[in-house]
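Number of protein chains: 2
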Amino acid sequence: MDRPPAAALSTAPSAACAHCALRDLCLTPPSGAPPSWQPDTLVATRLPLRRGEALFQQGGRFESLYAVRSGFFKTRVSSPDGRDQITGFQMSGELLGLDGIGDGVHACDALALEDSQVCVVPYPTLERLAQQFPDLQTEFHRILSREIVRHHAVMLLLSNVHADRRLAAFLLNLARRLGNRGYSAASLVLRMTREEIGTYLGLKLETVSRSFSRLHERGVLDVRQRQVRIIDPSGLQELAGDNGG
Amino acid sequence: MDRPPAAALSTAPSAACAHCALRDLCLTPPSGAPPSWQPDTLVATRLPLRRGEALFQQGGRFESLYAVRSGFFKTRVSSPDGRDQITGFQMSGELLGLDGIGDGVHACDALALEDSQVCVVPYPTLERLAQQFPDLQTEFHRILSREIVRHHAVMLLLSNVHADRRLAAFLLNLARRLGNRGYSAASLVLRMTREEIGTYLGLKLETVSRSFSRLHERGVLDVRQRQVRIIDPSGLQELAGDNGG
DNA sequence: CGGATGCTTGAGGTCTATCAAAGCGAGTGG
DNA sequence: CCACTCGCTTTGATAGACCTCAAGCATCCG
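Written out as structure tokens, the structure is:
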């Protein structure tokens, strides 16, 4: 570690940046920015995490926002009576930590579902730069607002009465996000267990498993454990009630 | 209407402002603000709405944020297949319109459940002032983040398997918010129908009604149509799984 | 190879949705 | 003032969906 972190970051923006939620914050120099503007103006460092490791924990002090650079995360809130609720799955290019801004304390856990890497954006830095550059401020507000809208879609998902509809909508959402990032939208490898999917969708793991089997029987999916291939996307969409989320 | 709107606003901050989400934005002059700082620097005007009227609609152009000054609202998203999902109920002091910042277009409908009045905060004004005053910017980010955290609590609510738990958690949440605003937290008048509660909680209206009856039989509630009196708050809390939301 | 973890499938019980009917309550018009 | 209407709520019976408990299978890893 002879060279400073900044040197490690000053490499050309990687493919991972191309579809990042922070792209416009990170790569696009705001109007009025000095020519020396670099992505590492925002991203202080990158942080590797091992599968199962916590990026932050409920109640922990909020200091930074995180953009998933590679890997896969889940966020989780625990209620006082011990039940857990998974509030989201985050893949590369998506954000973690926005929940902490409100009270300076994280409102959920963030756990790596596989070996992962995140870009660390110290929040004081972001606030300072947002103050300095109006474009950056505007873009940051948009990001926060989109997170709110995203939750509306999740509520619509959870309001689906039937397990098959919930699962279909969930898979379509996952496939769409993977497709956006250049991966195949038809053939995907689940990074989470049946139980985690169930906790997210408000179903028991057995129900999730049965629902997978039913979707397979109807001929819209091929399922082999965590290997899922979408055979009939429009059929799946019809099942989901067309709300891709 | 001889006098200009600004004059109407320059009255001393009313009781409604005391518990408003925008309180710190609206009433507290940010550091560096001129002594002439007034609440109406942010609030351009106030808008009255009749019961059933829409404050804004899904797909409509986003221009302002709104703080509920009096009355009661619901926000609703419609899925392509015609199902509706109520994403929240907003009472005095709570915010509407944050969903529109992301793409400049509202992502949900906002409907008045009774005759209401809102404070209109033009968004360009807010962005300009946030640019000018760091305190105000910080506070606005907190408000956005808290909205995200609030949605986590709703997901926890929807993940409750049993109808009674969902309803209990819903009522406790409502009572707490009313209590925060100085109203009685024990005796409340519902402003929404059983069907609207059901759409919010992911239940059918008959199930909501039966659940009310069961809570009554257990002796934790008195229910007479929309008049609800909480007899045993701790019993209700126990039923809800202690997640007040 | 053996254990651990996760997945699938089965049977039975419980809860919710659905369909149906009757009971309030507020507002209207005679 | 009363009867009427309309929207909302309550309650009942039935069917269907999900949860629970339980057993067996697959996969991964030391």
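Taken in sequence, the protein lines are chains R and L. Numbering-wise (our numbering), the first sequence opens with residue 1 and increments by one. Numbering-wise (our numbering), the second sequence opens with residue 1 and increments by one. Glycine is no exception: its CB is placed at the ideal position from the N, C-alpha and C atoms.
On the premise that R:L47 lies in contact with R:Q117, defined as a C-beta separation below 8 Å, what is that separation, rounded to the nearest angstrom? About 7 Å; that satisfies the 8 Å criterion.
Using the beta-carbon of each residue, which ones in chain L are nearer than 8 Å to R:T138? Proximity of chain L to R:T138 at the Cβ level (cut-off 8 Å) is accounted for by E127, in chain order.
Looking at the structure shown, is L:I143 part of a helix, part of a strand, or coil, going by DSSP? Looking at L:I143 - three-state DSSP - the assignment turns out to be helix.
Thinking C-alpha only, which one of R:P122, R:F133 and R:D115 is nearest R:D24? Comparing Cα positions, the closest option is R:F133.
Check for me: the beta strand (DSSP E) holding L:R229 runs from which residue to which? Q227 to I230 is the extent of the beta strand (DSSP E) around L:R229.
Using a Cβ-Cβ cut-off of less than 7 Å, list which residues of the stretch 149-171 of chain L approach chain R; keep chain order. For the stretch 149-171 of chain L, which is checked against every Cβ of chain R, the residues closer than 7 Å are V149, H151, H152, V154, M155, L156, L158 and S159.
Just to confirm, is the Cβ distance from L:S36 to L:D135 under 7 Å? Judged by their CB atoms, L:S36 and L:D135 are not nearer to each other than the 7 Å cut-off.
Under 9 Å between beta-carbons, which chain R residues line up against L:L95? List them in chain order, please. What L:L95 touches in chain R: nothing, since even the nearest Cβ is about 10 Å away.
For L:L167, which residues in the same chain have their Cβ closer than 6 Å to its Cβ, ignoring the five residues on either side in sequence? Around L:L167: S211.
What are the boundary residues of the alpha helix (DSSP H) that includes L:T199? Run containing L:T199: R194 to L201, per the alpha helix (DSSP H) assignment.
Quick one: is L:D103 buried, meaning 16 or more other Cβ sit within 10 Å of its Cβ, or exposed? Flag for L:D103 reads exposed.
L:L42 touches chain R at which residues, Cβ-Cβ below 9 Å? Neighbours of L:L42 on chain R: none; closest Cβ ~15 Å, over 9 Å.
Against R:C119, what residues of chain L qualify as contacts under a CB-to-CB distance less than 8 Å, listed in chain order? Within chain L, no residue comes near R:C119; the closest Cβ sits about 19 Å away, beyond 8 Å.
Tell me R:P80's beta-bridge partners as DSSP assigns them. Note: R:P80 is not bridge-paired with any residue in the DSSP secondary-structure output.
Just list the residues that DSSP pairs R:C271 with in beta bridges. Here chain R comprises residues numbered 1 to 245, so residue 271 of chain R is not present and cannot be evaluated.
For the candidate residues R:R146, R:V223 and R:E196, whose alpha-carbon lies nearest to that of R:L22? The closest CA to that of R:L22, considering only R:R146, R:V223 and R:E196, is found on R:R146.
Does the CB of L:T246 have a neighbour CB from chain R at under 7 Å? Since the first residue shown for chain L is 1 and the last is 245, residue 246 of chain L is missing from the structure and cannot be characterised.
Checking 7 Å against the spacing of the C-beta atoms, do R:L98 and R:A67 come in under that value? Going by C-beta atoms, R:L98 is not nearer than 7 Å to R:A67.
Determine the DSSP secondary structure at R:V105, reduced to helix, strand or coil. Correct three-state label for R:V105: strand.
Closest to R:C20 by C-alpha separation, out of R:S70, R:G60, R:E63 and R:E217, would be which residue? Residue R:S70 is the option with its Cα nearest to R:C20.
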